[in-house]
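Read the structure below first, then the notes.
Residue numbers (this note's numbering): 32 to 308.
Rendered as structure tokens:
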């Protein structure tokens, strides 16, 4: 616990002494969310619309489905194929655009966080390495989304609409695998040196992710996000502008601070982080 407290204090000192870098981090974090809403969300909405059309067209024939093979045969039958192909195209495009804006904007946020450390690197080289690492995690994310989509179709087609569907143990297991096996390790991996080979990165990531101090960090981080979320929705009930203002002034700096905390926690020596005392 002393290690976590000293790390928290050290990261706070770094944040105070690098307020300009914090401003850059907040700006690019905001840019990512705005870009997501402007470029990715419309593609997802169109994909969902075509999914609804495909589901409606398949529902009557799907009552007798018993295997995944039969489901795929139905999805690519002549009557359903146009909807299926358009849906896949839209989601693939959304996925590709998401990868680009994530690599650029989130890569810049991590870049500026690491500029607070002694790890100096050219921005172009850093973004290329960040994109290379993101390719791996996005590949796993794509496989997860595909598997989740197929499982959801198999659970809903030809059956009455029910909120219990989303509570299916199958979907809960898939979601748990995503958060524990993909999202959390990906977060840890970005705090590690990007020069690691894939094999070394995976070994170091999964070893580090389940160490006690790292687990305590992620629990505290999520608890902080939960508290901020409660405050945000409380302010939204008062006035929408308070919601946005509080979010910009607290949530985004908090996310940047969490990166500094993680970088400091995972550093092998105190010289990895700038001396701020």
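Don't be surprised by glycine CBs; every beta carbon is placed ideally from N, CA and C.
Rounded straight-line distance, which links the Cα of residue 167 to that of residue 306:
On the chain shown, residue 306 is found 275 positions in, with the first residue counted as 1. On the chain shown, residue 167 is found 136 positions in, with the first residue counted as 1. Because residue 306 sits at a pLDDT of 39, beneath the cut-off of 50, its placement in the model cannot be relied upon, and the following sentence gives the value as read from the coordinates. Cα to Cα, residue 306 sits roughly 33 angstroms from residue 167.
Between which two residues does the alpha helix (DSSP H) containing residue 125 stretch?
Residue 125 sits at position 94 when you count from the first residue of the chain shown. Run containing residue 125: 112–132, per the alpha helix (DSSP H) assignment.
Thinking C-beta only, is residue 175 closer than 8 angstroms to residue 143?
If you number the chain shown from 1, residue 143 lands on position 112. If you number the chain shown from 1, residue 175 lands on position 144. No. Outside cutoff.
Can you tell me the Cα-Cα spacing of residue 145 and residue 111, whole angstroms?
To locate residue 145, count along the chain shown from 1; it is residue 114. To locate residue 111, count along the chain shown from 1; it is residue 80. Near 49 angstroms, if we compare the C-alpha coordinates of residue 111 and residue 145.
Where residue 85 falls, given that 16 or more other Cβ within 10 Å makes a residue buried:
Residue mapping note: residue 85 aligns to position 54 of the chain shown, counting from 1. So residue 85 counts as buried.
Tell me whether residue 272 sits in a helix, a strand or coil according to DSSP, three-state version.
Translated into positions along the chain shown, residue 272 becomes position 241. Of the three classes helix, strand and coil, the one that applies to residue 272 here is helix, per DSSP.
Beta-carbon gap between residue 274 and residue 261 smaller than 8 angstroms:
Taking the first residue of the chain shown as 1, we reach residue 274 at position 243. Taking the first residue of the chain shown as 1, we reach residue 261 at position 230. Not in contact: residue 274 and residue 261 (Cβ atoms no closer than 8 angstroms).
Spatial neighbours of residue 141 within its chain, please: CB distance less than 6 angstroms, with the 5 preceding and 5 following residues excluded, ordered by chain position.
Here residue 141 corresponds to residue number 110 of the chain shown, with the count starting at 1. So the qualifying residues of the chain are 221.
Three-state secondary structure (DSSP) of residue 242
Working through the chain shown from its first residue, we reach residue 242 at position 211. In the three-state DSSP reduction, residue 242 falls in the coil class, being neither helix nor strand.
Identify the continuous alpha helix (DSSP H) that holds residue 142 and give its terminal residues.
Locating residue 142 in the chain shown gives position 111, where the first residue counts as 1. Boundaries of the alpha helix (DSSP H) harbouring residue 142: 138–146, taken from the DSSP string.
As a quick exercise: from 105, 72, 70, pick the residue whose alpha carbon is nearest that of residue 87.
Here residue 87 corresponds to residue number 56 of the chain shown, with the count starting at 1. Checking every option, the nearest Cα to that of residue 87 belongs to 105.
Express the C-alpha separation of residue 129 and residue 230 in angstroms, rounding to a whole number.
Residue mapping note: residue 230 aligns to position 199 of the chain shown, counting from 1. Residue mapping note: residue 129 aligns to position 98 of the chain shown, counting from 1. Each residue's alpha carbon lies about 25 angstroms from the other.
With distances taken from CA atoms, which of 201, 162, 165, 211 is nearest residue 178?
By one-based count along the chain shown, residue 178 stands at place 147. Among 201, 162, 165, 211, the Cα nearest to that of residue 178 belongs to 201.
Taking residue 153 and residue 138 to be in contact with their CB atoms under 8 angstroms, please state how far apart those CB atoms are, rounded to whole angstroms.
In the chain shown, the residue the question calls residue 153 occupies position 122. In the chain shown, the residue the question calls residue 138 occupies position 107. Actually they are not in contact, since the Cβ atoms of residue 153 and residue 138 sit about 13 angstroms apart, beyond 8 angstroms.
In whole angstroms, give me the CA-to-CA distance for residue 67 and residue 82.
Here residue 67 is taken as the residue at index 36 of the chain shown, counted from 1. Here residue 82 is taken as the residue at index 51 of the chain shown, counted from 1. So the two alpha carbons sit approximately 21 angstroms from each other.
With DSSP collapsed to three states, give me the class of residue 223.
Residue 223 sits at position 192 when you count from the first residue of the chain shown. Residue 223 falls in the coil class under three-state DSSP.
For residue 284, report the span of its alpha helix (DSSP H) as first-last.
As a first step, residue 284 must be located in the chain shown, where it is residue number 253. Residues 283–297.
Rounding to the nearest angstrom, what Cα-Cα distance links residue 147 and residue 109 in this structure?
Start at 1 with the first residue of the chain shown, and residue 147 comes out as number 116. Start at 1 with the first residue of the chain shown, and residue 109 comes out as number 78. Here the alpha carbons of residue 109 and residue 147 stand approximately 57 angstroms from one another.
Excluding the five sequence neighbours on either side, which residues of its own chain have a C-beta within less than 8 angstroms of the C-beta of residue 173, listed in chain order?
Numbered from 1 along the chain shown, position 142 holds the residue referred to as residue 173. Here the set comprises 126.
Stretch-stretch touch, CB-based, cutoff 8 angstroms, three pairs: the segment 113–123 with the segment 50–57:
With a cut-off of 8 angstroms, the segment 50–57 and the segment 113–123 do not count as touching, because too few Cβ pairs lie within range.
Is it buried or exposed, residue 79, if we count other Cβ atoms within 10 angstroms and call 16 or more buried?
Within the chain shown, the letter at position 48 stands for residue 79. Its Cβ having fewer than 16 others within 10 Å, residue 79 is exposed.
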